[in-house]
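The sequence shown begins at 14 in the working numbering and counts up by one.
Ideal Cβ placement from N, Cα and C applies to all residues, glycine included.
The structure appears below as structure tokens.
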Amino acid sequence: MTRKSAVVTPTKRKSYKIQIPADYSIQFDDYLIHCEERNLTQNTVDSYKFYLGYFKKYLEENQHSLLVDEITERDLKDFLNYMRKIKTNHQATINAAIAQLRPFFNYLIEQEIILDNPMTKIKKGKVDQKPILPFSNEDIQKLLKQPDKSRHAGYRDYSIMLMLLSTGMRISECLNLCISDIDFKNSRIIIRESKNRTPRIVGLANKIKPELQRFIRLCHPDYSPIDVLFQNQDGGKVADNTIQENFRNYGKQAKIDPRIRVSPHSFRHTYSINYLKNGGSTASLREQLGHRTIETVEKYLYWSSNDKLEEFKKYNPLDNFDLKVK
């Protein structure tokens, strides 16, 4: 009689796929971690955080499901329309939202969390090109008189204006400067944290040297070289939007033409246009501004030349007709 084997053959179980939660909040957090793992700049991560949070708030206010696999193309179009008509956001802002939402849904596709990408057919809209209006010499004189230099914040803002006018750097680059980045001996400034993550050196104008040295002496009496140059009241880094708001207020106080936007970027425009007017080349301006391509700075050529107006005055047909206009 044959005896049965005592060995028990294990039952084969079917492998199952792990179900990743499709909740927007969870995926939102996972995506931000993914961005940090890719070593994206903090500004880029903050931008994703803002627009993804903006969309999440819209979904919640409209009692929409927060499951990412239930978000459709129609939902996204309704959100963009809400930005345009209800929040009256400019097209450039709407395009920025599209630019930040697209990689998020691409990420969900790559992670196989959703099967269809609702962003596929959504395109950016046309943005009207606004004229680049720089500050006049009179505007600059008025603006420089607005900060109260007897107070830390006022002297700081005044010094920031001078820094932007003399270098054309971005406000984010300016606010990231440390005292050790200012090389008074060799008349140069080292920008270590730039938008494209490529350090560069810009010149230190002679007129700003004594003012910066005085600012450091008065506002950083016991400074360390690694200290941030332009600090808030608590000794920390100043927020970009604080300077933006302060500059807007200075513009109102100075009664600057409302068509001219009083912002840190307008100082950058003013620097660029006058740099070319004074004979600087587009190639050297590109390096000063930290742009990757020459095309980006060529837009300043139009606004830096007075030749067109001179030719208009010389060759205008109406002025050359023998007419008496009453």
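Grouping DSSP H, G and I as helix and E and B as strand, with all else coil, what is residue i?
i	result
Lys137	coil
Asp240	coil
Leu80	strand
Asp59	helix
Lys250	strand
Pro160	coil
Pro271	coil
Lys327	helix
Arg261	helix
Ser149	coil
Ile307	coil
Gln104	helix
Arg97	helix
Lys220	coil
Leu314	helix
Asn130	coil
Gln124	coil
Lys290	helix
Thr54	coil
Pro116	helix
Gln142	coil
Met182	coil
Thr283	helix
If I measure Cβ to Cβ from residue i and keep anything under 7 Å in the same chain, skipping five residues before and after, which residues do I get?
i	result
Val251	Leu188, Phe243, Gln244 and Asn245
Asp240	Cys191, Ile192 and His233
Glu311	Thr295
His77	Asp88
Asn56	Ser185
Leu128	none
Asp253	Ile184, Ser185 and Leu188
Arg272	Leu146
With the cut-off set at 9 Å, would you say residue i and residue j are in Cβ contact?
i	j	result
Tyr168	Cys232	yes
Ala4	Leu65	Lying outside 14 to 339, the shown extent of the chain, residue 4 is not represented and no answer is given.
Leu302	Arg274	no
Leu89	Lys62	no
Ile368	Asp196	Residue 368 lies beyond the stretch modelled for the chain, which goes from 14 to 339, so this question has no answer here.
Tyr313	Ile145	yes
Ser207	Arg213	yes
Gln159	Asn262	yes
Arg97	Ile107	yes
Gln40	Ile99	no
Thr180	Leu217	yes
Arg210	Thr54	yes
Tyr71	Phe92	yes
Ile84	Tyr37	yes
Met176	Ile221	yes
Ala166	Asn259	yes
Using DSSP's beta-bridge definition, name the partner residues of residue i.
i	result
Val215	Ile202
Ile195	Ile202
Asp36	Leu80
Could you give the C-beta distance for residue i and residue j, rounded to a whole number, given that I count them as a contact under 8 Å?
i	j	result
Met182	Leu157	Actually they are not in contact, since the Cβ atoms of Met182 and Leu157 sit about 18 Å apart, beyond 8 Å.
Glu86	Lys134	6 Å
Phe117	Pro131	In fact, because the Cβ distance is near 11 Å, the residues do not count as touching under 8 Å.
Lys198	Ala267	That belief does not hold up - the Cβ atoms of Lys198 and Ala267 are roughly 35 Å apart, past 8 Å.
Glu50	Val58	Actually they are not in contact, since the Cβ atoms of Glu50 and Val58 sit about 11 Å apart, beyond 8 Å.
Looking only at its own chain, which residues have a Cβ that is under 6 Å from the Cβ of residue i, when we skip the five neighbours before and after it?
i	result
Gln104	Gly138 and Val140
Asp152	Ile269
Tyr171	Pro160 and Lys162
Gln226	none
Gly249	none
Can you list, in chain order, the residues of its chain with a C-beta nearer than 8 Å to that of residue i? Leave out the 5 residues immediately preceding and following it.
i	result
Gln257	Ile184, Ser276 and Pro277
Val215	Thr180, Gly181, Met182, Arg201, Ile202, Ile204 and Gln301
Tyr95	Tyr71
Ala109	Ser60 and Tyr64
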